[in-house]
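Participant: Counted the way my numbering counts, the sequence shown spans residues 133 to 583.
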Amino acid sequence: MSTALVILAAGKGTRMNSDLPKVLHEIAGAPMLAHAITSGLTLDPSRLVVVAGHGAEAVTKAAEETCPLAQIVLQEEQKGTAHAVEQARSVLDGFEGDVIVLYGDTPFIRPETLEAMREARARHDVVVLGFEAADPARYGRLVMDGDRLDRIVEFKDASDEERAITLCNSGLLCAPGPLLFELLSAVGNDNAAGEYYLPDVVALANARGLSSGVVTCDEAETLGVNSRAELARAEALFQARARADAMENGVTLQAPDTVYFAFDTFIGGDTVIEPNVVFGPGVTVENGARIRAFSHLEGCHVSRGGVIGPYARLRPGAELAEDVKIGNFVEIKEARLDRGAKVNHLSYIGDAEIGEGTNIGAGTITCNYDGVFKHQTRIGARALIGSNTMLVAPVSVGDDAMTGSGSVITTDVEPGALALGRAKQVNKPGFARKLFEMLKYKKASQAKEAE
Ligand code: UD1
Ligand code: MG
133 MSTALVILAA GKGTRMNSDL PKVLHEIAGA PMLAHAITSG LTLDPSRLVV
183 VAGHGAEAVT KAAEETCPLA QIVLQEEQKG TAHAVEQARS VLDGFEGDVI
233 VLYGDTPFIR PETLEAMREA RARHDVVVLG FEAADPARYG RLVMDGDRLD
283 RIVEFKDASD EERAITLCNS GLLCAPGPLL FELLSAVGND NAAGEYYLPD
333 VVALANARGL SSGVVTCDEA ETLGVNSRAE LARAEALFQA RARADAMENG
383 VTLQAPDTVY FAFDTFIGGD TVIEPNVVFG PGVTVENGAR IRAFSHLEGC
433 HVSRGGVIGP YARLRPGAEL AEDVKIGNFV EIKEARLDRG AKVNHLSYIG
483 DAEIGEGTNI GAGTITCNYD GVFKHQTRIG ARALIGSNTM LVAPVSVGDD
533 AMTGSGSVIT TDVEPGALAL GRAKQVNKPG FARKLFEMLK YKKASQAKEA
583 E
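(1) Kindly confirm or deny that the region 286-296 and the region 316-333 touch, where touching means at least three C-beta pairs closer than 8 Å.
(2) Which of the three DSSP states, helix, strand or coil, is assigned to K566?
(3) Do the region 295-304 and the region 173-180 meet, that is, are 3 or more Cβ pairs less than 8 Å apart?
(4) Could you pull the start and end residues of the alpha helix (DSSP H) that P243 belongs to?
(5) Just to check, is the beta-carbon of V540 closer than 7 Å to a non-hydrogen atom of the ligand UD1?
(6) Following a CB-centred definition, is A142 positioned closer than 7 Å to any heavy atom of the ligand GDP?
(7) If you follow the beta strand (DSSP E) that G85 is in, where does it begin and where does it stop?
(8) Going along the chain, which residues of its own chain have a beta-carbon closer than 7 Å to the beta-carbon of G356, five neighbours each way excluded?
(9) Please return the same chain residues whose Cβ sits closer than 8 Å to the Cβ of G487, not counting the five positions on each side in sequence.
(10) If V182 sits next to A162, beta carbons under 8 Å apart, how far is it from one beta carbon to the other, in whole angstroms?
(11) Note the first and the last residue of the continuous alpha helix (DSSP H) segment covering M379.
(12) Is it the case that the CB of N358 approaches a heavy atom of the ligand MG more closely than 7 Å?
(13) For Q207, is the classification buried or exposed, using 16 other Cβ atoms within 10 angstroms of its Cβ as the cut-off for buried?
(14) Could you tell me the boundaries of the beta strand (DSSP E) in which M522 lies?
(15) Taking the beta strand (DSSP E) that P308 belongs to, which residues open and close that run?
(16) Are there 16 or more other CB atoms within 10 angstroms of the CB of S577, so buried, or fewer, so exposed?
(17) Relative to the C-alpha of I481, which residue among F505, P442, E454, V524 is closest?
(18) Using a Cβ-Cβ cut-off of 8 Å (strictly less than) and excluding sequence neighbours within five positions of N419, which residues of its own chain qualify?
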């Protein structure tokens, strides 16, 4: 049976107090919406519909970046969750499979939970995802009749007795497409909020002699984000899980609470991560590497045996082969370093290729940008770049070549050559002593004048 996902993402998120639509606020470097879509995609749905409203243009862009096949429908006015799903009616016309409704601001739903909802459809016509809430607060309450779900009552409309129920509605729901849209036609807005409530389809289904049931999950999975404080809590929850997973997979974290992962960070086993390391999106680190303290990595790849930092910055496009060493205050961008290359101190390597075993001296800069264009620097294998070499790109240095410290290299250096690109040194015997004497004499006469 094919599955369609409908992701609700039209709300403004007033309590975020933001110009950015709520679902585009990021957790671990990706918009909440992307987290929701990614988890939904594990069901291999044949259709994915995103209901956009506030900031629709930006929401559409983010949805398409995560899932190019996403279909976007517009909910011009937010009249409630049922009204939101209603907007997907025309694009899902003729779709006979199950529809699962997700929220764009509920980023932590696990694939297993979605799978359990889909499986529960074998027993019930409508399946709702519920959870036992430590503090049920303003969630909708699930009113059960044995193991069947009788109805869902919103907090605003609930009696005291119903408010005492702790089994709450996550908002996620699964039903056959044709039935869902048939039931939606019957949903009214005669309630405390004056909104069209999606949860009302449960009572409507039961009134037709159909069956509704509940699948439950951990409360942490249904964590919704409505404010910056909740966003920070969601981030903390993500990080706690990512750290635990990394350690479970054989990664050493010396101070787990100080290491920050992105949604897609991959770290191989037996890698050691020292304190205060931040991973931006797009990082893979192979087994047995060491990421030393206070390093920042994004969009890069570190191979086996690499040692990065302390205080290193790897930017997008840094591709490091095995046993590469990057030391303190070194920035690498769009550069490929072959096996065993070393850049140990205070350097900027951008738009470059560095050959196997090459050693880049302290303070070396690839001068890659002329104000308009970026240019490449190519350095061969086993080369030695002297400290404080400026490599004015485009330029290349051959295998086994050397540059003198302090050189400004503007033309290509052939293999095995020594390039010296600096002013010739001149020594003047006795000059320093004479100069000191002159200066001291001047200072003494100034002091005398001042008396
Ligand atoms: C909803 C449920 C409640 C449940 C809670 C879980 C209803 C009526 N209530 O309440 O039972 O316990 O979620 O968090 O469904 N949205 C739209 N268009 C709209 C309205 C909402 O796209 O017109 C989107 C929002 O952007 C959000 C989601 O739907 O992603 C949920 O809406 P929200 O207003 O947060 O519903 P709750 O009042 O929290
Ligand atoms: Mg909500």
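All C-beta atoms, glycine included, are put in the ideal place defined by N, C-alpha and C.
Keep in mind it's a predicted model, so treat the numbers as computed, not measured.
Facilitator: So, from the data block:
(1) yes
(2) Residue mapping note: residue 566 aligns to position 434 of the sequence shown, counting from 1. Correct three-state label for K566: helix.
(3) no
(4) As a first step, residue 243 must be located in the sequence shown, where it is residue number 111. Its alpha helix (DSSP H) spans residues 243-252.
(5) As a working mapping, residue 540 is identified with position 408 in the sequence shown. V540: no, Cβ never under 7 Å from the ligand UD1.
(6) As presented, the structure is devoid of the ligand GDP, carrying the ligand UD1 and the ligand MG as its sole ligands.
(7) No answer is possible for residue 85: it lies beyond the span of the chain, which begins at 133 and ends at 583.
(8) Residue 356 sits at position 224 when you count from the first residue of the sequence shown. Contacts found: Y235, D237, T238.
(9) Translated into positions along the sequence shown, residue 487 becomes position 355. D470, A473, I511, G512, A513, R514, A515, D531, listed in sequence order.
(10) Here residue 182 refers to the residue found at position 50 of the sequence shown. Here residue 162 refers to the residue found at position 30 of the sequence shown. So it is not a contact: roughly 15 Å between Cβ atoms.
(11) The residue you call residue 379 lines up with position 247 of the sequence shown. First-last of the alpha helix (DSSP H) with M379: 360-380.
(12) Along the sequence shown, read from residue 1 onward, the residue named residue 358 stands at position 226. Yes, since a heavy atom of the ligand MG falls inside the 7 Å radius drawn around the Cβ of N358.
(13) Position 75 of the sequence shown, counted from the start, is the residue given in the question as residue 207. Under this definition Q207 is a buried residue.
(14) Taking the first residue of the sequence shown as 1, we reach residue 522 at position 390. 522-524 is the extent of the beta strand (DSSP E) around M522.
(15) As a first step, residue 308 must be located in the sequence shown, where it is residue number 176. From DSSP, the beta strand (DSSP E) with P308 extends over 299-308.
(16) What you label residue 577 is simply residue 445 of the sequence shown in a count that begins at 1. The residue in question, S577, is exposed, as its Cβ has fewer than 16 Cβ neighbours within 10 Å.
(17) In the sequence shown, counting from the first residue as 1, residue 481 sits at position 349. I481 has its Cα closest to that of V524, out of F505, P442, E454, V524.
(18) One-based indexing of the sequence shown puts residue 419 at position 287. Taken in chain order, the residues that qualify are G400, G401, D402, T403, R436.
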